[in-house]
Amino acid sequence: MTTETNTMSSDLKDIHFDTLEWKSSLQFIEGELLFINQLLQSYVFEPTTPNLFERLQQFRQGIENIEKEISKLHQKIRKHESELGGMLECDTISCDHYYFDEHKELRNHFYNFYKNFRTLKSEVFQYAGGILKKNKNN
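Using the working numbering, the letters of the sequence shown map in sequence onto residues 1 to 138.
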């Protein structure tokens, strides 16, 4: 029984640590999005850049999608945290598996979101970097 309790306690700590890490990452990403939005609205882009308007619109749409996903993740993480207490009350393996499966699903959701965010950020910075280099050479 003691080993089972220690394992459960360790699992709960790991799950709690994951949720804290996700919340921290989301806060950091929100700060990065503010910077990216400011960059896209700045005057570093030459109006004569081919397809400028279309590219900026694509980036803004991508950012809007990321912001919606952040909101969904915040809600899911809050719900997940509030359900952690239920794990302590579990007295069957199937009950434990339910919470672990929920956690695994949320983890996958977060990592897919994070991958999409990094891709968008990379595309914005590559695009902006290319234009800034062009302006520097002129």
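Here a beta-carbon is modelled for each residue, glycine too, at the ideal position from N, C-alpha and C. Small disclaimer: the values here were computed from a predicted structure and weren't measured.
Discussion item. In the DSSP assignment, the alpha helix (DSSP H) including Phe59 goes from what residue to what residue?
Written reply: For this step, residue 59 is matched to residue 59 along the sequence shown. Here the alpha helix (DSSP H) through Phe59 covers 52-89.
Fill in: Pair within 8 Å by beta-carbon distance, Tyr99 and Glu83
Looking up residue 99 in the sequence shown gives position 99. Looking up residue 83 in the sequence shown gives position 83. Going by beta carbons, Tyr99 and Glu83 fall inside the 8 Å limit.
Discussion item. Please identify the residue among Gln126, Gly130, Leu73, Arg78 whose C-alpha is closest to the C-alpha of Phe113.
Written reply: Counting from one through the sequence shown, the residue named residue 113 turns up at place 113. The shortest CA-to-CA distance from Phe113 to any of Gln126, Gly130, Leu73, Arg78 is the one to Leu73.
Worksheet item: Per DSSP, what kind of secondary structure is Phe28 in: helix, strand or coil?
Response: The residue labelled residue 28 in the question sits at position 28 within the sequence shown. In the structure shown, Phe28 falls within a helical segment according to DSSP collapsed to helix, strand and coil.
Item to complete: Quick one: using the 10 Å Cβ neighbour count with 16 as the cut-off for buried, is Ile93 buried or exposed?
Response: Residue numbering aside, residue 93 sits at position 93 when the sequence shown is read from its first letter. Taking every protein chain shown into account, the CB of Ile93 has fewer than 16 other CB atoms within 10 angstroms, so this residue is exposed.
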